[in-house]
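Below is one structure; the comments refer to it alone.
In the working numbering, the protein residues as written are 189 to 305.
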């Protein structure tokens with residue numbers, strides 16, 4: 189990050205005392221302009237970093253949403269035949285166990301993503 193060197197401020201004070209009151213406004217204006225420039229550069233760098241971080245966060249969220257949708261679709265696709273097999277083999281208890289397993293997988297996946305935010 190650009191910083192104004194301390195020696196520049198000291199030089200300004202020396203020049204100010206040598207040149208007198210007539211040049212003081214011009215020296216002060218010049219120094220203030222340099223300070224403004226340094227501040228603007230720092231703010232611009234900070235904003236660029238913040239925007240890049242936000243862009244990355246949005247991309248990660250979009251990616252997580254895509255994965256969650258894929259898991260939901262696969263879960264439903266697996267649930268249909270699993271329900272039929274479980275009801276034929278173990279009745280209501282089998283269906284209940286199968287659906288609890290599907291729900292558990294989706295909940296664990298969802299909780300895993302939320303802790304990474």
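All C-beta atoms, glycine included, are put in the ideal place defined by N, C-alpha and C.
{"Asked": "Other residues of its chain near residue 295: CB distance less than 7 angstroms, five sequence neighbours each side excluded", "Found": "none"}
{"Asked": "Alpha-carbon spacing of residue 240 relative to residue 233, whole angstroms", "Found": "11 angstroms"}
{"Asked": "Secondary structure of residue 213, DSSP reduced to three states", "Found": "helix"}
{"Asked": "Cβ-based burial, residue 258 [other Cβ within 10 Å; buried from 16]", "Found": "exposed"}
{"Asked": "Inter-stretch contact (C-beta, 8 angstroms, three-pair minimum) for the region 218-230 and the region 262-269", "Found": "no"}
{"Asked": "Three-state secondary structure assigned by DSSP to residue 269", "Found": "helix"}
{"Asked": "Among 299, 298, 271, the one whose alpha carbon lies nearest that of residue 286", "Found": "271"}
{"Asked": "Short Cβ contact (7 angstroms threshold) for residue 215 with residue 204", "Found": "yes"}
{"Asked": "Residue 291 to residue 237 span [Cα, whole Å]", "Found": "39 angstroms"}
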